[in-house]
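Asks: Have a look at this one.
Protein chains in written order, with the working numbering: chain X, 1 to 114; chain W, 1 to 115.
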């Protein structure tokens, strides 16, 4: 069964900390995505990676960075966490040549910044 | 630019009844596709159904079907015989256009199924 795994379901951190959210997929997908989900705002794209070491800013990249050193792993980094980054974070992946195929999502990480 | 609009923030339905969740879209592409996802309270996003703009038939998948009306630019999700387990957030999304791999999501509709 195909799988996108996010390292934590729940995470609590303090303001100013550097926070790492990890995402691993086992489908050999080229494309990987990080979204932030807030009530009433739907899914907002933070960063997109179309291949190893390649990345593209999404709609809300401020305060975040990403790393894709291996094809299967896409990390989201909060350089200095702030309370307004408390949110649900979703990772997704999809194969490049399959626009009619859906994205595969992880279970999400509920991040609280205190 | 593409846009997805889900005008219903919340919907209620009685168990065993059918419910329609609205999705309207805007795109300048001739070829496009629309996805519906379900997100239970546990958080994972589950793919439900896909409709391509050139598909001759409306998509169906078990109790899920798409009421696809191109002229109205709508792709409404119909859930027949609602079950308690259908209570969730539902998102409509359009696949990326113009060589972009980035889909566009609506803001979602929260569905609550009453016993």
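Just so you know, even glycine gets a beta-carbon here, dropped at the ideal spot from N, CA and C.
In angstroms with no decimal places, state the Cα-to-Cα distance between residue 15 of chain X and residue 111 of chain X.
Replies: Position 15 of the first chain, counting from 1, holds the residue named residue 15 of chain X. Position 111 of the first chain, counting from 1, holds the residue named residue 111 of chain X. Taking the straight line from one Cα to the other gives about 12 Å.
Asks: Since residue 23 of chain W sits in a beta bridge, which residues does DSSP pair it with?
Replies: Within the second chain, residue 23 of chain W is the residue found at index 23, counting from 1. Bridge partners of residue 23 of chain W: none, in fact.
Asks: Considering Cα atoms alone, identify which of W/7, W/8 and W/97 is closest to residue 53 of chain W.
Replies: Stepping through the second chain from its first residue, residue 53 of chain W is reached at position 53. That would be W/97, whose Cα lies nearest to the Cα of residue 53 of chain W.
Asks: For residue 10 of chain W, which residues in chain C fall below 9 Å Cβ to Cβ?
Replies: Looking at the structure shown, chain C is missing, and the protein chains on hand are X and W.
Asks: How is residue 85 of chain W classed by DSSP in three states: helix, strand or coil?
Replies: Mapped onto the second chain, residue 85 of chain W falls at position 85. Three-state DSSP puts residue 85 of chain W in a helix.
Asks: State the DSSP-derived secondary structure class of residue 84 of chain X, mapped to helix, strand or coil.
Replies: Looking up residue 84 of chain X in the first chain gives position 84. Three-state DSSP puts residue 84 of chain X in a helix.
Asks: Output needed in chain order: residues of the segment 35-67 of chain X with a Cβ under 7 Å from some Cβ in chain W.
Replies: Listed in sequence order: 40, 41, 42, 43, 45, 48 and 50.
Asks: Whether or not the segment 37-44 of chain W and the segment 91-100 of chain X are in contact is what I'm after, with contact meaning three or more pairs of Cβ atoms, one per stretch, closer than 8 Å; do they touch?
Replies: Short answer: they don't touch.
Asks: What do you get for residue 36 of chain X, buried or exposed, if any count of 16 or more other CB atoms within 10 angstroms of its CB means buried?
Replies: The residue labelled residue 36 of chain X in the question sits at position 36 within the first chain. By the 10 Å Cβ count, residue 36 of chain X comes out buried.
Asks: Could you check whether the segment 26-36 of chain W touches the segment 46-65 of chain W, counting it as contact only if at least three pairs of C-beta atoms, one from each stretch, sit closer than 8 Å?
Replies: Yes, they touch.
Asks: Does the beta carbon of residue 99 of chain X sit closer than 9 Å to a beta carbon anywhere in chain W?
Replies: In the first chain, the residue the question calls residue 99 of chain X occupies position 99. Taking Cβ atoms only, chain W reaches closer than 9 Å to residue 99 of chain X, which makes this a yes.
Asks: From which residue to which residue does the beta strand (DSSP E) around residue 51 of chain X run?
Replies: Counting from one through the first chain, the residue named residue 51 of chain X turns up at place 51. 42-51 is the extent of the beta strand (DSSP E) around residue 51 of chain X.
Asks: Determine whether the beta carbon atoms of residue 5 of chain X and residue 106 of chain X lie at a separation below 9 Å.
Replies: Here residue 5 of chain X refers to the residue found at position 5 of the first chain. Here residue 106 of chain X refers to the residue found at position 106 of the first chain. Cβ distance < 9 Å, so residue 5 of chain X and residue 106 of chain X count as in contact.
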